[in-house]
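Enquirer: Heads up: the protein sequence lines correspond to chains F and H, in order. Sequential numbering from 1 applies to the first sequence in the working numbering. Sequential numbering from 1 applies to the second sequence in the working numbering. Just so it is clear, CB atoms sit at the ideal spot from N, CA and C, and this is done for glycine as well. Treat the numbers as computed from the prediction; the structure is a model and nothing was measured.
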Amino acid sequence: MNPNDDKRLIDSILGGEQADFAIVIERYQRLVAYLVARMIPKVADRDDLCQDIFIKVYRHLGEFQFRSKFSTWIATIAHNTCVNYLEKKRVSLYEDLQVADEDEASHGMEWIPSGDRSPLDRVEAHELRVTLEREIERIPLPYREILALFHLEEMSYEEIGTIMNLPEGTVKSYLFRARRFLRDRLLALYQMEAV
Amino acid sequence: MKHLRDDDLQLYLDRRLRDREKIDHLRHCPLCQERLDAYEAVFTGLRQAPQWTPAPDLQDRVLQKITQNPAESMYQKLMQVLVIIGLFIGALSISLPYLHTAQYVDSIKQMQAPKLTPDFSIWERLNFLPSLKALAGAFDFNYSMLVIAAAVLLVVALADHLIGLARSRTAPQR
Ligand SMILES: [Zn+2]
Numbered sequence: 001m002n003p004n005d006d007k008r009l010i011d012s013i014l015g016g017e018q019a020d021f022a023i024v025i026e027r028y029q030r031l032v033a034y035l036v037a038r039m040i041p042k043v044a045d046r047d048d049l050c051q052d053i054f055i056k057v058y059r060h061l062g063e064f065q066f067r068s069k070f071s072t073w074i075a076t077i078a079h080n081t082c083v084n085y086l087e088k089k090r091v092s093l094y095e096d097l098q099v100a101d102e103d104e105a106s107h108g109m110e111w112i113p114s115g116d117r118s119p120l121d122r123v124e125a126h127e128l129r130v131t132l133e134r135e136i137e138r139i140p141l142p143y144r145e146i147l148a149l150f151h152l153e154e155m156s157y158e159e160i161g162t163i164m165n166l167p168e169g170t171v172k173s174y175l176f177r178a179r180r181f182l183r184d185r186l187l188a189l190y191q192m193e194a195v
Numbered sequence: 001m002k003h004l005r006d007d008d009l010q011l012y013l014d015r016r017l018r019d020r021e022k023i024d025h026l027r028h029c030p031l032c033q034e035r036l037d038a039y040e041a042v043f044t045g046l047r048q049a050p051q052w053t054p055a056p057d058l059q060d061r062v063l064q065k066i067t068q069n070p071a072e073s074m075y076q077k078l079m080q081v082l083v084i085i086g087l088f089i090g091a092l093s094i095s096l097p098y099l100h101t102a103q104y105v106d107s108i109k110q111m112q113a114p115k116l117t118p119d120f121s122i123w124e125r126l127n128f129l130p131s132l133k134a135l136a137g138a139f140d141f142n143y144s145m146l147v148i149a150a151a152v153l154l155v156v157a158l159a160d161h162l163i164g165l166a167r168s169r170t171a172p173q174r
């Protein structure tokens, strides 16, 4: 989104044109929805959280200093709101993801590439998607969040680090670990079927 | 050349692998190609949006909240004050008979319920709003009127709350 565009929009809302906030929602609803969908397992609570996030964005609009992109700022509010919600629900936020080290199991589980087609090529696309979605839900929170911000919103490690308050290096290593974990899971699942 | 590491395969799919030698290897090695394919399936899936989307009235609900008339929130505060005053008067009127401890102990001794007609001399003794007594006299103000006043306040506040709830449940008019 064009930063000047955002600036003009924010100025207009702060100047009293509350109705212009509809444009903010329209522009950033997708970002907020992706984050909430990936972070909050309980579907029934997601709508209320989206609403809370945008109300917070509105109330704190005057504090936005244009030091980051508007999207980064909104995503930070979304992240904090979701984390607060999960803490209240006593959901464990800091689980680790156990991934086999590359040198231990060189190519994930018992899979040894044969130089042929990958076992995943034989799986129907829709089925693969459903399985992957289910597997994503099973990985710990920060990994899910990074996957959403990186792959769905195409944010940089730096932006993601700002939003989640993590060092860039951690963001990167979590991202690579999560993707490797997912590949291993899918291979394990479909490899078994193939045999 | 050695096969590519997993991280390099991921970097390649992120379009961040810059090492020409590695890219060349990847092009010509069927083994690495197969590993890359497995990752590609994952990456393709990760780019697919989650199935969940917010309710279509999200925008309306947020706008309704933020454009809420300040007069309306003042009105809500007024209602809250009414509830507090109502509760205060209610609590006071219920406890009035028990403020006369001696009388209460007496009545306990005689196994009688405490007299429910309050003795307003307590106001005088505390010099607490002495005019209230005169007022009470003028309007034949008694204990049951206090309770009724509190009850009316509470009923009004409750009715307002219920109406508010019913309004917020209905679809926004547009
Ligand atoms: Zn190779």
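Skipping 5 residues on each side, what residues in its chain have a beta carbon closer than 7 Å to that of F/Ala105?
Expert: Caution is warranted here: a pLDDT of 48 is assigned to F/Ala105, below 50, making its placement in the model unreliable, and the coordinate value is therefore given only provisionally. So no residue of the chain qualifies.
Enquirer: Give the range of the alpha helix (DSSP H) segment to which F/Asn84 is assigned.
Expert: Phe70 to Lys88
Enquirer: Under 8 Å, do H/Gln59 and F/Ala19 count as touching if we go by C-beta distance?
Expert: no
Enquirer: Can you list, in chain order, the residues of its chain with a C-beta nearer than 8 Å to that of F/Leu35? Leave out the 5 residues immediately preceding and following it.
Expert: Ala75, Ala78, His79, Cys82, Glu145, Ala148 and Leu149
Enquirer: Does H/Leu4 come out as helix, strand or coil in the three-state DSSP assignment?
Expert: coil
Enquirer: Give me the chain F residues within the contact set of H/Gly185, using Cβ-Cβ distance strictly less than 7 Å, ordered along the chain.
Expert: This structure gives no information on residue 185 of chain H, because the portion of chain H shown stretches from 1 to 174.
Enquirer: Indicate whether F/Ala33 and H/Pro54 have their beta-carbon atoms separated by less than 8 Å.
Expert: yes
Enquirer: In chain F, which residues lie less than 9 Å from H/Pro56 when you measure between Cβ atoms?
Expert: Residues of chain F passing the Cβ test: none, with the nearest at roughly 10 Å.
Enquirer: Nearest to H/Gln48 by alpha carbon, out of F/Arg177, F/Ala125, F/Phe181 and F/Phe66?
Expert: F/Ala125
Enquirer: F/Tyr58 to F/Asp52, Cα distance in whole Å?
Expert: 10 Å
Enquirer: In angstroms, rounded to a whole number, what distance separates the CA positions of H/Leu153 and F/Glu154?
Expert: Rounded to the nearest whole angstrom, the C-alpha separation of H/Leu153 and F/Glu154 is 56 Å.
Enquirer: If we ignore side chains and look at the alpha-carbon of each, how far apart do F/Asn84 and H/Gln68 end up?
Expert: When only Cα atoms are considered, F/Asn84 and H/Gln68 end up about 26 Å apart.
Enquirer: Roughly how many angstroms lie between the CA atoms of F/Asp5 and F/Arg27, to the nearest whole one?
Expert: 11 Å
Enquirer: Taking the C-alpha atoms as reference points, what is the distance between F/Leu61 and H/Gly86?
Expert: 38 Å
Enquirer: Would F/Ala118 pass as an interface residue toward chain H - the criterion being a Cβ-Cβ separation below 8 Å?
Expert: The amino acid occupying residue 118 of chain F in the given sequence is Ser; Ala does not appear at that position. By this cut-off, F/Ser118 is an interface position.
Enquirer: Taking beta-carbon pairs under 7 Å, can you tell me which members of the stretch 5–32 of chain H lie near chain F?
Expert: Against chain F - using a Cβ distance shorter than 7 Å - the residues of the stretch 5–32 of chain H are Arg5, Asp6, Asp7, Gln10, Pro30 and Leu31.
Enquirer: Using a Cβ-Cβ cut-off of less than 7 Å, list which residues of the stretch 56–88 of chain F approach chain H; keep chain order.
Expert: Tyr58
Enquirer: Mapping DSSP to helix, strand and coil, what is F/His107?
Expert: The predicted position of F/His107 is uncertain, since its pLDDT is 47 and thus under 50; a value taken from the coordinates is nonetheless stated next. In this structure, F/His107 counts as coil in the three-state DSSP scheme.
Enquirer: Can you check whether the CB of H/Leu26 is closer than 8 Å to the CB of H/Tyr12?
Expert: yes
Enquirer: Quick check on the DSSP output: the alpha helix (DSSP H) that includes F/Ile40 runs from which residue to which?
Expert: Run containing F/Ile40: none; DSSP gives neither H nor E here.
Enquirer: List, in order along the chain, the chain H residues whose C-beta lies closer than 7 Å to that of F/Ala188?
Expert: Per Cβ cutoff of 7 Å: no residues; F/Ala188 is ~11 Å from chain H at best.
Enquirer: Does F/Arg8 come within less than 8 Å of chain H when only Cβ atoms are used?
Expert: no
Enquirer: Which residues in the same chain as F/Phe181 place their Cβ atom closer than 7 Å to its Cβ, once the five residues preceding and following it in sequence are excluded?
Expert: Beyond the five residues adjoining it in sequence on each side, F/Phe181 comes within less than 7 Å, by CB distance, of Leu97, Val99 and Ile139 in the same chain, given in chain order.
Enquirer: Using a threshold of 7 Å, is the CB atom of H/Leu4 nearer than that to any non-hydrogen atom of ligand 1?
Expert: Answer for H/Leu4: yes, Cβ within range of ligand 1.
Enquirer: Taking CB distances under 8 Å as the criterion, tell me whether F/Arg90 reaches chain H.
Expert: Contacts with chain H at 8 Å (Cβ-Cβ) do not include F/Arg90.
Enquirer: Shorter than 8 Å from the beta carbon of F/Arg179 to some beta carbon of chain H?
Expert: Yes, contact with chain H.
Enquirer: Given 7 Å as the limit, tell me if F/His151 has its C-beta closer than that to any heavy atom belonging to ligand 2.
Expert: Questions concerning ligand 2 fall outside what the structure shown contains, since the ligands it does hold are ligand 1.
Enquirer: Name the chain F residues whose beta carbon is nearer than 7 Å to that of H/Gln48?
Expert: Those are Arg129, listed as they occur along chain F.
Enquirer: Between H/Lys65 and chain F, is the shortest Cβ-Cβ distance under 8 Å, so that the two count as touching?
Expert: yes
Enquirer: Can you give the Cα-Cα distance for F/Gly108 and F/Arg179, rounded to whole angstroms?
Expert: Model confidence at F/Gly108 stands at a pLDDT of 44, short of 50, so the residue's coordinates are unreliable; what they give is reported in the following sentence. The alpha-carbon of F/Gly108 is positioned some 11 Å away from that of F/Arg179.
Enquirer: Can you determine whether any heavy atom of ligand 1 sits closer than 7 Å to the C-beta of H/Leu31, and answer yes or no?
Expert: yes
Enquirer: Hey, quick one: how far does the alpha helix (DSSP H) through H/Ala41 stretch, first residue to last?
Expert: Pro30 to Leu46
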